[in-house]
Each structure stands twice: as C-alpha cells, then as structure tokens.
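Asks: So the mapping is simple: our numbering equals the position in the sequence shown, first residue as 1, plus 1007.
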Amino acid sequence: MLTSDLDDVRRTPFSPADLARLLARAGVIPHPFKARQQIHIGSDPGQLAIVLKGAVSVAVQLDDGFSIEAALAGAGDWLGWPPTAAHGQFTAALDGELGIVSLDALLAQASAVGRPAPDVLALAAPLVQRVSLNLACQARHSVAQRLARRILDLSRLGGDLSTVPMTQDDAAMALGVQRTSVTHAAVRLQQAQAVRVVRARTIIKDRALLERLACTCSRPRAPAADPRHLQVSRLPSVK
Ligand SMILES: [Zn+2]
C-alpha cells in the first residue's frame, strides 16, 4: 500500500526543462554543504529550497521537543512547508548542494511562464506526503527493517553508492531510536551478510539481500532524482 502510494508521488509539477529555466530566472542561491552540517530552512516561509546535488535528511521538531528525521530528500526535491505545517529543520546526510530561492521570485517567474501560483505552492507537497509515510513506517516496521531501508535510500540518493556514510548516532537520530537499538539492528544486518559496518561508513555487501530485509517504504526513484535532468550545472551563480 505504502509503495503504491509512493509511486504516485509527483515530485514536481514542472518538467525538468521548465524547472531549470524557472530556477535560473528566479535567481537560485547555491548552498553547498558537508555531511552532517545542519541547515535551518523551514522557519522562513518566504524561502523555498531545492536539493541540487546529494541528499538531505529532513528533520521535524515534534511537539515534545524531539527532532526526528521525517524524510530523505534527493536532487530535484523541494524543501519547504506550507504555512500551516510544522517547521522543518534540514540536516545534510551526504555532501551536496541546496538551491535556495525566494518564494516571491519563484511566484513571479512562475506567472511569467504561465504557471498559476498554486502549482508553486504545491511544490513541497510531495515532501509533506513523504513525511507522513515515514511516520507511518516508524510505527509499523522494525528498527532493522528501517535501518536497511535507510541504507538503501542513502545509497540511491548518492547514485547507487556501495559505501554509505552513516554513523550509528546519525542513524539513531534519523530513526528516532536509542543508539543501542541501532547497534542491535546493525549487528543483525551484518550477521545476515547484507552489510559491513566500519566506523562512519556502511558497506553494502549484498544489495538484493538488503532489499529483502528492508521494509517497503523506500522513497521513489523518480527521473528527477538524477541531477543531470535538472541541468543545474548551467544555472548561474547568485547575484
Ligand atoms: Zn517502513
């Protein structure tokens, strides 16, 4: 059920060419980041961000003050929240680059290319949808299943990496569990010969096996996940 829901997620209402043109005209500000650097974006409703390269772990602050990972975002994913939704805090999970763009500039450019404003405001909707799917995953699936899924998602977002940068502390934060639970789950995945964990890295030894051990809540692999489709290298730097 979750998988077919995810398949239905439309990541952006723009074609890649439209999107590249729109971003270029709206003056996107490239914002490179390093692994585990924290970037705060959700608190400014006047800004939207798009992942240009790499992967970003999107965390939300819960009412009780705890911050948990709500979704992984990859190239082509928009980060932003409707004014009524919880504020997000975005943390880098892999090296990458965000593009930050003012909502006003984006709306003006959208109107210039004949896009109605609601299309632009709906950009972040797939992310919000993934947040709720991820929270459902948290309630339904074991830590080992979710750890396996996270390793696969990180690998995909990095372009099918065979070695994923991930510490057990990162994973514990991301999965919203104690570090000891992550350690137990990692031991199980290692005993199954699916992965090997070395310090801050996880090496995928048997991807097919890891897929079988993972829950089915993986983020979709959409065409836009390939940064080449975004033609970001042709975007001008900011003024
Ligand atoms: Zn799941």
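No residue lacks a Cβ here, since even glycine has one placed at the ideal position from N, Cα and C.
1) Expressed to the nearest angstrom, what Euclidean distance is found between the alpha-carbon atoms of residue 1174 and residue 1168?
2) How would you label residue 1210, buried or exposed, when you count the other beta carbons within 10 angstroms and need 16 or more for buried?
3) Tell me whether residue 1156 counts as near ligand 1, meaning its Cβ is closer than 7 Å to at least one heavy atom of that ligand.
4) For the structure I just gave you, are there three or more beta carbon pairs, one from the region 1213–1225 and one from the region 1174–1193, closer than 8 Å?
5) Would you list the residues whose beta-carbon is nearer than 5 Å to any heavy atom of ligand 1, in the order they occur in the chain?
6) Taking 8 Å as the limit between beta carbons, can you name the residues of its chain near residue 1152, skipping five residues before and five after?
7) Could you compute how far the alpha carbon of residue 1199 sits from the alpha carbon of residue 1115?
8) Is the Cβ-Cβ distance between residue 1185 and residue 1193 less than 8 Å?
9) Go ahead and pull the three-state DSSP assignment for residue 1147.
10) With a threshold of 7 Å (Cβ to nearest heavy atom), would residue 1057 be considered close to ligand 2?
11) Measure from the alpha carbon of residue 1206 to the alpha carbon of each residue in 1176, 1217, 1213, then state which is nearest.
Replies: This is what the structure gives:
1) 16 Å
2) exposed
3) yes
4) no
5) 1144, 1148, 1222, 1224
6) 1220, 1221, 1222
7) 53 Å
8) no
9) helix
10) Among the ligands in the structure shown, ligand 2 does not appear; only ligand 1 can be found there.
11) 1176
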